[in-house]
Amino acid sequence: MQKNMLDLAEYKRRFIDFLIQADSLKVNPSNSEGDWTLKSGRTSPHFVNIGDVSDGDGISQLGKAYAEAIKATEIDFDLVYGIPEKGVGLAIAAATSLAELGINKGWFFTRKEAKAHGEATGAQSNDIKPKIVGRAPKDGNIIIQLDDVFTAGDAKYEARKVLDSLGQFNLPLLAIAVDRQEVGIDGENAIEKYVADTGTKVTAIITAAEIYKYLSSLKDHEKAAERIARYLRVYGTKKAKEDLGLKPLEQRIIETDRSVIPACDVPFEEFGGLIKSTSHLPKIGGYKIPATSGRKGWERWVETARKHTNKPLIYDHQKAGTDIPDTAKEFMKELRESGIDTVILFPQAGPETERAWIYHALDQELKVIVGGRMTHKGYAQSEGGFITDEGAMEMYKIAARAGISDFVVPGNKPEVVKQIKEIIEAEGVSPIFYAPGFVAQGGKISDTARVAGSRFHGIVGRGIYRSSDKELAAIEHCSQL
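Per the numbering used here, the sequence shown starts with residue 54, numbered consecutively.
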């Protein structure tokens, strides 16, 4: 039994096995097809639906797992409350299993509409009688709430309002089946916000990180586990990444710490000559392939380059990451199949597009470089442009939190490069910079290199490909590193 598996309590392992057997936990080892679209719109390699558990044995297994999770918290309590609708059956099942563990407590749930006849025995006042099923809570009772999952949390906040209307209770714990450990569009986690807002602890029978740990110990699920880890690298909470031990990616796109990357913004007919003239130079680190390459087929550009060099081919879509999140998967799949090594993203379409495009690039085993600030005047609002300065910096932050360590920066704006470096390092990432903006745009490689640090690659286009002697021009730019 592997260490990851030993880290999990026995009831957690049993629960994951049960979910797999019940087809409630679905995982996908393939990065080509078969993933699930969540309510959030994200495409996920794993999916859990507790609603698929719909028979007697299944609800019994659920009850046992909830009971073990509640017992593990060591919180004393009086009642179990099922948050309508899905929590109703869970409360009864959990209370039954708790009794089998020697913890005999009451259960109840609230009605959608007050009962118009009869009484709920043991209620503290006539007002509460028509509103519940089960044992009526009394002022001062300690109540544990149950539900299946936690998404935005609306139902949980509403449940608190309902309970507050019934009396004065202590609500120390909310138990759920699965915590996907994801951040929202705003980068925040709904569970962490709920805990901060209410003071109620949230415990899950299993977390996404625990699903990963268990699956990674099973030989036939290792590939699916790897994909879950990639997903959590991009979408996961800080706690999820800590649980998985995720650290910044060591992509090592360019073998040397400093190099020049020719930007091959030339007609296809001139591309081969540019590669042939410069690829033998040791300080040429790779080649940036332009968006126009798609017109005559990425494969043709890759095949032509590979006749002369095995150095990295970095695709720049001018600018990828400006479309909706849904376009990312097929785009990255096509890039990978064409033989491209690395992709540059400028995620100006927002945080969800950025996360989706990073995730699907990594899932296709592409290396990723992310940019936020550009070289031309009038880009950022402080320069008269549309993009806020803070928004551009957020692009770098989100990428750094996903473990990306390679970034495009404006080489003709050293003061901006310095600011970006500080922001990325504050996220615990040691950045590698790729900078255009030299020669025609006024930047000097030597000036930016001093600010950027030890790992820096200058992207040079017109200064090389417009020269009558491309080899000599490349040598000159390399000498400035």
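The beta-carbon is built from N, C-alpha and C at its ideal position, and this holds for glycine as well.
query                                                                                                                                                                                        : result
Could you tell me the distance, in whole angstroms, from the CA atom of R311 to the CA atom of V101?                                                                                         : 45 Å
Could you have a look at S269 and say whether DSSP puts it in helix, strand or coil?                                                                                                         : helix
Tell me which residue opens and which closes the alpha helix (DSSP H) that P467 is part of.                                                                                                  : P467 to A479
Let me make sure I understand the geometry here. Which of G325, N363, W354 and F324 has the alpha-carbon closest to that of P335?                                                            : N363
To the nearest angstrom, report how far apart A228 and R188 are at their CA atoms.                                                                                                           : 19 Å
Take A300 and list the residues in its own chain whose beta-carbon comes closer than 8 Å to its own, dropping the five residues that flank it on each side.                                  : The amino acid at residue 300 is misidentified as Ala; the sequence shows Lys. Excluding positions up to five away in sequence, the list reads G456.
Quick check: what's the CA-CA separation for F509 versus L327?                                                                                                                               : 22 Å
Would you call F491 buried or exposed, if buried means 16 or more other Cβ atoms sit within 10 Å of its Cβ?                                                                                  : buried
Could I get the ranges of all uninterrupted alpha helix (DSSP H) runs contained in the region 295-356, with 4 residues as the minimum, in chain order?                                       : 321-331
Under 8 Å, do I393 and G424 count as touching if we go by C-beta distance?                                                                                                                   : no
Of all the options Q401, D442 and L388, which has the alpha carbon lying nearest to the alpha carbon of Q417?                                                                                : L388
Which term fits Q74, buried or exposed, when burial requires 16 or more other beta carbons within 10 angstroms of its beta carbon?                                                           : exposed
Could you check what DSSP says for S97 in three-state terms: helix, strand or coil?                                                                                                          : strand
Can you name the start and end residues of the beta strand (DSSP E) that T163 belongs to?                                                                                                    : G159 to T163
Leaving out five residues before and five after K139 in sequence, what residues of the same chain have Cβ atoms less than 6 Å from its Cβ?                                                   : D201
Using 8 Å for Cβ pairs, my map puts R213 next to K184. What's the rounded Cβ distance?                                                                                                       : About 15 Å separates the two Cβ atoms, so there is no contact after all.
Starting from the C-beta of A526, find all residues in its chain whose C-beta is less than 7 Å away, skip the five residues before and the five after it, and write them out in chain order. : G516, I517 and S520
Just to confirm, are G506 and I498 a CB contact at a threshold of 8 Å?                                                                                                                       : no
Measuring CB atoms only, is the region 406-421 touching the region 286-293, in the sense that at least three cross pairs come out at less than 8 Å?                                          : yes
Provide the residue span of the alpha helix (DSSP H) that contains Q114, from first to last.                                                                                                 : G109 to T126
Within 10 angstroms of its Cβ, does R454 collect 16 or more other Cβ (buried), or is it exposed?                                                                                             : buried
Spell out the partners DSSP gives L398 in its beta bridges.                                                                                                                                  : A373 and V423
Suppose the cutoff is 6 Å on Cβ atoms and the five residues either side in sequence are ignored; what does the same chain contact list for H370 look like?                                   : A344
According to DSSP, is D522 part of a helix, a strand, or is it coil?                                                                                                                         : coil
Can you give me the start and stop residues for the alpha helix (DSSP H) that H413 sits inside?                                                                                              : P404 to D416
Using only alpha-carbon positions, find the residue among S85, I145 and E121 that is nearest to E383.                                                                                        : S85
Please report the distance separating the alpha-carbon of Y267 from that of V231.                                                                                                            : 14 Å
Under a three-way DSSP split, which group does V287 fall into?                                                                                                                               : helix
Give the straight-line distance between the Cα atoms of I128 and K209, rounded to the nearest whole angstrom.                                                                                : 19 Å
Which term fits P320, buried or exposed, when burial requires 16 or more other beta carbons within 10 angstroms of its beta carbon?                                                          : exposed
How many Å lie between N223 and K246 at the Cα?                                                                                                                                              : 19 Å
Taking the continuous alpha helix (DSSP H) assigned at T149, which residues delimit it?                                                                                                      : G140 to E153
First and last residue of the beta strand (DSSP E) that includes G444?                                                                                                                       : Where G444 is concerned, there is no enclosing beta strand (DSSP E), although the alpha helix (DSSP H) it sits in stretches over D442 to R454.
In terms of residues, what are the limits of the alpha helix (DSSP H) holding A502?                                                                                                          : I498 to A505
In this structure, does DSSP put P183 in helix, strand or coil?                                                                                                                              : helix
Going by other Cβ atoms of all chains shown within 10 Å of its Cβ, with 16 needed for buried, is S270 buried or exposed?                                                                     : buried
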